[in-house]
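Numbering of the sequence shown is given in my numbering, commencing with residue 568 and proceeding in unit increments. Glycine included, each C-beta is placed from N, C-alpha and C at the ideal position. Since the structure is predicted, the reported quantities are computational estimates derived from the model, not experimental observations.
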Amino acid sequence: MLQRARLLTSSRPLPDFKAVGSNGPWLDTADGRRMLDGSSGLLCSNVGQGSQAVFSRIEKQFSHYTFGGAAVVQPHIQLELMDRLCQAVGRPEDSVALTTCGTLGVEVAVGLARNIVRVRDGKRRGEILTSDLSYHGNSVFTLGVAGNQVRDPRPEDRCGLGPAFPAPYPPTHGHAHEAHGCDASCAGEVARAIDSRGAENVAAVLIEPVNGTTGGAFVPPGGYLRRVSEICRKRNVLVIHDEVLTGLWRTGTPLASRHWDGCEPDLVILSKGLGAGYTGVGAVLVAPELAPLLRHRDADPLPAMGTMATHPLQAAACLGVLDELESMDHGAFAARGERLGASLRSLTGWATVRDVRGIGHLYGVEVTPGLLWPLMQECERRGVFFYPFTGAGHPCSEGLVVAPPLNCGSQDIDCLTSALTDAVAALS
Ligand SMILES: Cc1ncc(COP(=O)(O)O)c(C=O)c1O
Numbered sequence: 568m569l570q571r572a573r574l575l576t577s578s579r580p581l582p583d584f585k586a587v588g589s590n591g592p593w594l595d596t597a598d599g600r601r602m603l604d605g606s607s608g609l610l611c612s613n614v615g616q617g618s619q620a621v622f623s624r625i626e627k628q629f630s631h632y633t634f635g636g637a638a639v640v641q642p643h644i645q646l647e648l649m650d651r652l653c654q655a656v657g658r659p660e661d662s663v664a665l666t667t668c669g670t671l672g673v674e675v676a677v678g679l680a681r682n683i684v685r686v687r688d689g690k691r692r693g694e695i696l697t698s699d700l701s702y703h704g705n706s707v708f709t710l711g712v713a714g715n716q717v718r719d720p721r722p723e724d725r726c727g728l729g730p731a732f733p734a735p736y737p738p739t740h741g742h743a744h745e746a747h748g749c750d751a752s753c754a755g756e757v758a759r760a761i762d763s764r765g766a767e768n769v770a771a772v773l774i775e776p777v778n779g780t781t782g783g784a785f786v787p788p789g790g791y792l793r794r795v796s797e798i799c800r801k802r803n804v805l806v807i808h809d810e811v812l813t814g815l816w817r818t819g820t821p822l823a824s825r826h827w828d829g830c831e832p833d834l835v836i837l838s839k840g841l842g843a844g845y846t847g848v849g850a851v852l853v854a855p856e857l858a859p860l861l862r863h864r865d866a867d868p869l870p871a872m873g874t875m876a877t878h879p880l881q882a883a884a885c886l887g888v889l890d891e892l893e894s895m896d897h898g899a900f901a902a903r904g905e906r907l908g909a910s911l912r913s914l915t916g917w918a919t920v921r922d923v924r925g926i927g928h929l930y931g932v933e934v935t936p937g938l939l940w941p942l943m944q945e946c947e948r949r950g951v952f953f954y955p956f957t958g959a960g961h962p963c964s965e966g967l968v969v970a971p972p973l974n975c976g977s978q979d980i981d982c983l984t985s986a987l988t989d990a991v992a993a994l995s
């Protein structure tokens with residue numbers, strides 16, 4: 568008998584079904600049912616399960632050689648991946664550091680940003696400013712600096728770190744503009760946060776361009792990210808976009824920031840959509856005007872990548888994921904995202920659904936506090952599952968993150984939305 572209690576993970580009740588097979592967005596369960604994955608695993612299985620393109624890339628690399636770190640074997644396949652990735656996200660001249668996961672991507676980006684501003688601007692301290700409705704990973708640093716209420720370290724353990732400014736979203740900034748909600752002027756909070764610390768002490772603002780699982784897919788007000796970029800540029804503070812969750816078409820564009828003008832970041836971190844659940848990976852992209860500073864004689868040594876971060880099988884899997892993403896019919900894909908959004912928005916007609924927001928293939932369906940777990944169960948009973956979010960505020964906002972694989976079909980989307988609508992109706 569397997570012991571569930573042995574698993575040291577968050578307190579969320581474990582799902583009741585056991586998966587024994589899969590096909591695209593579907594999982595086959597041990598009791599003969601099919602479950603539709605409405606969450607892309609942990610917002611990462613963006614091209615579904617069992618991709619032949621990924622399999623054949625891994626198989627081919629396996630037949631060549633299975634391990635070779637960049638320090639010992641020429642990293643051909645990793646360089647090929649970096650090339651493809653930079654082209655795919657429209658930053659063809661960037662330099663890249665690879666890591667094994669999103670958290671380490673953020674950690675490496677922070678180190679690189681500090682190094683850059685020390686060389687470029689002579690900054691002595693390298694503070695990193697984040698918002699109070701954010702998640703940037705589960706290391707001691709990223710938990711301390713971010714604003715995830717549920718995973719907040721105790722004050723005595725947070726090493727003096729903490730979020731620096733309110734995110735422009737109602738759960739933590741609703742009071743600011745009660746009459747008209749948040750808008751681009753909320754970026755003024757970022758300016759205040761930098762100025763109160765002294766720009767000479769701040770290396771970077773680290774921000775999720777579209778909120779992920781912490782608040783439940785909030786989309787920033789138009790002009791907000793641009794204002795943040797302008798504020799930072801004026802003060803010689805770098806902008807790092809954490810696109811671990813949103814990168815590679817999750818929101819409909821290669822990078823979520825592409826929905827708006829004037830907010831291209833200095834550094835961007837990608838992860839979930841690149842490995843797509845086939846491999847752990849993180850990639851930090853650094854803009855071409857900054858990367859040379861990292862090789863300056865006054866710069867600190869470049870980061871070691873870590874044993875597994877230049878793994879050739881990892882690179883092969885990622886190339887297969889890019890093959891899948893680039894071969895999608897992007898017109899049909901965009902239409903599916905719109906259709907998904909429209910169906911989900913109609914759920915606000917139910918009293919139990921407080922709000923629906925999001926973009927592309929990423930939505931938050933916020934429900935009346937207390938209904939999240941019953942709703943998850945109702946959904947599971949109807950053959951679909953989602954990722955839960957428990958956000959912020961009093962009482963804490965809660966709901967489902969709806970984020971199916973990007974290449975699932977229109978019929979799958981219809982299945983998902985009708986199961987969710989039935990589940991909401993059953994609770995209303
Ligand atoms: C925005 C964001 N940043 C960083 C991370 C950490 O990534 P990982 O779990 O791969 O370490 C996550 C994970 O959910 C995330 O959503």
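Selection Asp896, Leu907, Asp595, Ser977 evaluated against Thr988 yields Leu907 as nearest (Cα-Cα).
Segment contact: the segment 713 to 721 against the segment 753 to 765, fewer than three CB-CB distances shorter than 8 Å; contact not assigned.
Where Ser607 is concerned, the enclosing alpha helix (DSSP H) starts and stops at 607 to 610. Distance from the CA atom of Leu914 to the CA atom of Glu965, rounded to whole angstroms, is 15 Å.
Just measuring C-alpha positions, the residue of Leu773, Ser589, Val969 sitting nearest Phe708 is Leu773. Annotation for Pro659: Cys653 place their beta carbon closer than 7 Å to its own, counting only its chain and skipping 5 residues before and after. Burial check for Asn590: the Cβ neighbour count within 10 Å stays below 16, so the residue is exposed.
Bounds of the alpha helix (DSSP H) holding Asp979 are 977 to 994.
Contact between the segment 790 to 808 and the segment 926 to 943 is absent: fewer than 3 CB-CB pairs across the two stretches fall below 8 Å. Short of 6 Å from the beta carbon of Leu973, and not among the five residues preceding or following it, lie these beta carbons of its own chain, in chain order: Asn613, Trp816, His928.
Cβ-Cβ distances below 7 Å link Ser606 to Phe952, Phe953, Tyr954, Val968, Ala970 in the same chain, with the five nearest sequence neighbours on each side left out; the list follows chain order. Residue Gly711 holds the alpha-carbon nearest to the alpha-carbon of Gly729 among His878, Gly711, Asp867, Ser706.
Under the three-state reduction of DSSP output, Leu710 falls in the helix class. Inclusion of His703 in the 7 Å shell around ligand 1 follows from its C-beta lying nearer than that to a non-hydrogen atom of the ligand.
Using a cutoff of 7 Å, the CB of Thr780 counts as near ligand 1, since one of the ligand's heavy atoms is closer than that. Contact annotation: Ala918 and Ser985 have beta-carbon atoms that are not nearer than 8 Å.
A direct Cα-to-Cα measurement between Val853 and Phe900 gives close to 29 Å. Between Gly849 and Gly635, the gap from beta carbon to beta carbon reaches 8 Å or more.
Residues Leu869 of the same chain have their beta carbon placed closer than 8 Å to that of Arg862, with the five preceding and five following residues left out of the count. Counted as a single uninterrupted DSSP element, the stretch harbouring Leu665 is not any alpha helix (DSSP H) but the beta strand (DSSP E) occupying residues 662 to 666.
Across the structure, Thr697 and Ala597 are spaced so that their CA atoms are roughly 43 Å apart. The Cβ atoms of Glu856 and Ala770 do not sit closer than 8 Å to each other.
Its chain contains Pro738, Gly782, Gly783, Ser964 as the residues whose beta carbon lies nearer than 6 Å to that of Gly958, once the 5 sequence neighbours on both sides are disregarded; these appear in chain order.
Ranked by Cα distance from Leu834, the options Ile807, Ala858, Thr818, Gly842 are led by Ile807.
In the three-state reduction of the DSSP assignment, His928 falls in the coil class, being assigned neither a helical nor a strand state. Taking 8 Å as the cut-off, the Cβ atoms of Ala858 and Asn803 do not count as close. Here the distance from the Cβ of Asp719 to the nearest heavy atom of ligand 1 is not below 7 Å. Within 7 Å of the C-beta of Asp809 there is at least one heavy atom belonging to ligand 1. According to DSSP, Phe634 shares a beta bridge with no other residue. Remark: the shortest separation between the CB of Gly669 and any heavy atom of ligand 1 falls under 7 Å.
Placement of the Cβ of Glu945 at a distance of 7 Å or more from every heavy atom of ligand 1 is found. In the three-state DSSP reduction, Tyr702 falls in the coil class, being neither helix nor strand.
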